[in-house]
Every structure is written in C-alpha cells, then in structure tokens.
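Residues in the sequence shown are numbered consecutively from 1020, following the working numbering.
Reviewing the structure listed below.
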Amino acid sequence: MIGDVESLLNAALRVSTPLLFATLGEIYTEKSGVINLGLEGIMAMGALTAFSITLLTGNIMFGVIAATIIGGIMGFIHAFMSIALRANQIVSGLAITMLGLGISELIGRIHYIGVPLPLRLPVIPIPYLSNIPIAGPLLFNHDPLTYLSLILAFAMWFTLFKTKAGIIIRAVGENPFAADTIGINVYVVRYLCTVIGGMLTGLGGAYLSVVYRPAFQPGMTAGLGWIAVALTIFALWSPLRAIFGAALFGGLRALEFRLQPLGIPPNIVATLPYLFTIIVLTIGTRGIVRRIVEAPSSLGVPYVRGEK
C-alpha cells in the first residue's frame, strides 16, 4: 500500500515538473502586464528542440539549453508583436501556439517518430535526506531538472515579492504609466519578463521529451500549456502557490490509469484537469473576479508612452 502511494506521488511530481516550469514563466510574464497564450506551442518547440539536439550532440544538457533558447526566442516574438507592434496579446499568443504546434509536428513526424532517446538524465539522491522513510525517496531522489524547478519557484517568489526588481515588475504590471513617470523603462521590463517566461516554458517542454517520456511524439504536450495558463490564475500569481497547484494537476494526471482497476474509466479522470482549466479561465477572466484575486491591473493592456 505504501509502495503504491509512493509510486503515485513520484508520478505526480514528474508530471508536475514541466507544468511548474511553464507556470513560473507565465507568472512573471503576466506580472509585468503581458499575457502569453502561446505556452502550448512554446512547450512543443522546446520538446522537439531538446530531443533533436540531444540526439545530435549526445548530451542532454545541450538539448535542454537549446530548448530554453528556442523558448526565449518565441517569447521575444510574442513580446515584439505585443509590445512594439501593440498587437492583440490574445491573438499573438494563439498564433505562437499554432506556429509551435505546427512546426514541431511537421518536423517530428518526418524525422523523429519511433526514434528512441538512448540517453537518460541521472537521478541524484541527496545524501542522508534521501534515506528518510517515505519522504526521502519522494522529495530527495530526483533528476536535476526537478530540483531546479523547485529551487526556481522559491527564488522567483523571493525576487518578485522581496526585492527591488520584483517591485519594478509588479509596478509595471499594475500601473505602467506611474512606473514610467518615475524612470522605469516599461518596455524593457515587459520584454525581459516575456522572454524569461518563454525560456522557462521551453525548459518545461524539454523535460517532456528528454526526461518524462524520452521520445518525441506529436501532441505530447497534451494541453499542459493551457493548464499552465489556468494554473497561473489558480496560484494567484504566486510562484510558491504554483508548486502546490502543479502538484495537484500532476496528481490528477498520475491517477488516470491507476483508477482503472476500481472500475473508473481513465478517460473520465483525464478530463478533470482540462475541465478545471476551462472553469478557471472562464471565471478568472471576468473583470470583477480579476479585481478580487488581485490580478495585475494592466494585464493584457498595451502601454503607449504618454498615454494614461
């Protein structure tokens, strides 16, 4: 029984890792006032890039770095369209999603279907802590990217809420006009946050293809990008809350096939994260709800210098 619980929790944590990366990136993007609905496409491109570069170089870390760079480039494209060209951020994000999904599926189907990844990212147990009964294997016996996602969550929370840089980011997202009047370059802050968000999302995609399921399959993101957008709202734009939210969604995904022996069809459980995504996005985008949950006041609103 204990072994089954440990297995379930480990599976949940593995599923939650790419989701946490993408959610952390979206939190920073939205805190600066930009909404990015291109996460699904960026994750797909990150997965393809990490897989292909890992095969080419024989080094997983090169693949992960390349995926992070691709994510940053796609984040920059979205930032350019949204900030410089003042395009509708929703439309721009959807375009990024369609572009990423289309390119990754086209290249993946031609070159990588059925190609296994011979490399594995090693599991690194933390000395002494990994020997703690039950909690040790669950929390302190993972691959480096899982540790990185948790470290980033704490570091990004501290930066966002306890440092001057975080105050600047939040000021730009709340009132860009006021931030501009005191000398903050609103455009630079939004560019940086959107690019960082893209990089983290690409990193989440890399985890999917080189760690979680070491192969490339079209559609392997399976809506995780959309779930990350909803999870950003669910976590109330807090990196620490995102950890628990990602674990919750990861647990639902991990339950899909474990409930089958109980007579519960796995497809029913599989729909729960997506149903929750629809509900959160529907409720979270309503004006009164956004004010109650303290969404960034200027989220999705282009800023034009000199216009209040």
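C-beta: ideal position from N, C-alpha, C; glycine also.
Note that this is a predicted model, so its numbers are computed, not measured.
Where do the N-terminal and C-terminal ends of the alpha helix (DSSP H) with residue i fall, by residue?
{"i": "P1156", "result": "A1154 to L1158"}
{"i": "A1114", "result": "Q1108 to H1130"}
{"i": "L1058", "result": "L1058 to T1076"}
{"i": "I1151", "result": "I1151 -> no alpha helix (DSSP H), and no H or E assigned at all."}
{"i": "M1080", "result": "I1079 to A1098"}
{"i": "R1324", "result": "Unbroken run through R1324: none, as it is neither H nor E."}
{"i": "R1272", "result": "P1258 to A1273"}
Rounded to whole angstroms, what's the CA-CA distance from residue i to residue j? Just pull it up for me.
{"i": "R1185", "j": "H1130", "result": "Going by the sequence as given, residue 1185 is Gly instead of Arg. One C-alpha to the other measures close to 43 Å."}
{"i": "M1064", "j": "P1152", "result": "39 Å"}
{"i": "A1010", "j": "F1070", "result": "What the structure shows of the chain is the stretch from 1020 to 1327, and residue 1010 is not part of that stretch, so it cannot be assessed."}
{"i": "G1077", "j": "L1138", "result": "8 Å"}
{"i": "K1181", "j": "G1155", "result": "30 Å"}
{"i": "M1020", "j": "L1028", "result": "Confidence in M1020 is poor, its pLDDT being 47 and thus under 50, which makes the residue's placement too unreliable to answer from."}
{"i": "I1170", "j": "W1256", "result": "17 Å"}
{"i": "P1195", "j": "S1026", "result": "47 Å"}
{"i": "R1033", "j": "I1079", "result": "17 Å"}
{"i": "A1174", "j": "E1124", "result": "34 Å"}
{"i": "V1323", "j": "A1197", "result": "12 Å"}
What does a CB cutoff of less than 8 Å around residue i pick up in its chain, not counting 5 residues either side in sequence?
{"i": "G1192", "result": "E1049, K1050, S1051, G1052, P1315, S1316, S1317 and L1318"}
{"i": "I1307", "result": "For I1307, the predicted structure reports a pLDDT of 48, less than 50, and the residue's modelled location is therefore unreliable. The matter cannot be settled from this model."}
{"i": "Q1236", "result": "G1127 and I1132"}
Is the beta carbon of residue j closer than 8 Å to that of residue i?
{"i": "A1041", "j": "T1068", "result": "no"}
{"i": "W1176", "j": "P1258", "result": "yes"}
{"i": "F1159", "j": "P1135", "result": "no"}
{"i": "G1057", "j": "G1127", "result": "no"}
{"i": "R1189", "j": "A1098", "result": "no"}
{"i": "A1066", "j": "S1228", "result": "yes"}
{"i": "T1073", "j": "L1222", "result": "no"}
{"i": "L1164", "j": "V1230", "result": "yes"}
{"i": "G1270", "j": "A1114", "result": "no"}
Residues in the same chain with beta-carbon distance under 6 Å from residue i, minus the five sequence neighbours each way, listed in chain order, please.
{"i": "L1219", "result": "F1040, L1043 and G1044"}
{"i": "F1095", "result": "V1214"}
{"i": "T1240", "result": "E1059, M1062 and A1063"}
{"i": "T1296", "result": "W1245, I1246 and A1249"}
{"i": "P1321", "result": "R1105"}
Below 7 Å CB to CB, which residues in the same chain sit around residue i once its five sequence neighbours on both sides are set aside?
{"i": "F1268", "result": "S1035, L1038, I1246, L1250 and P1292"}
{"i": "L1118", "result": "G1060"}
Enumerated in chain order, which unbroken segments of the alpha helix (DSSP H) with a length of 4 residues or greater are wholly contained in the segment 1180-1254? 1183-1193, 1195-1200, 1205-1226 and 1243-1253
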